[in-house]
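A short write-up of the structure that comes next.
Numbering (this note's numbering), first residue to last: 4 to 61.
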């Protein structure tokens, strides 16, 4: 009877571990997406500097 109890115990533990891994992967994807959106926003708002005209000595 002991192995049946161990099998019932291992199934929820493995499910919990897998769920935590999936949740962690989701948070990582969310974080990377936010970072990339921030970078894209900065690139989209980029304004090149005005060209500097250097006076030529005569």
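Just so you know, even glycine gets a beta-carbon here, dropped at the ideal spot from N, CA and C.
Source: prediction; values computed, not measured.
Three-state secondary structure assigned by DSSP to residue i
i          : result
residue 53 : coil
residue 48 : coil
residue 22 : helix
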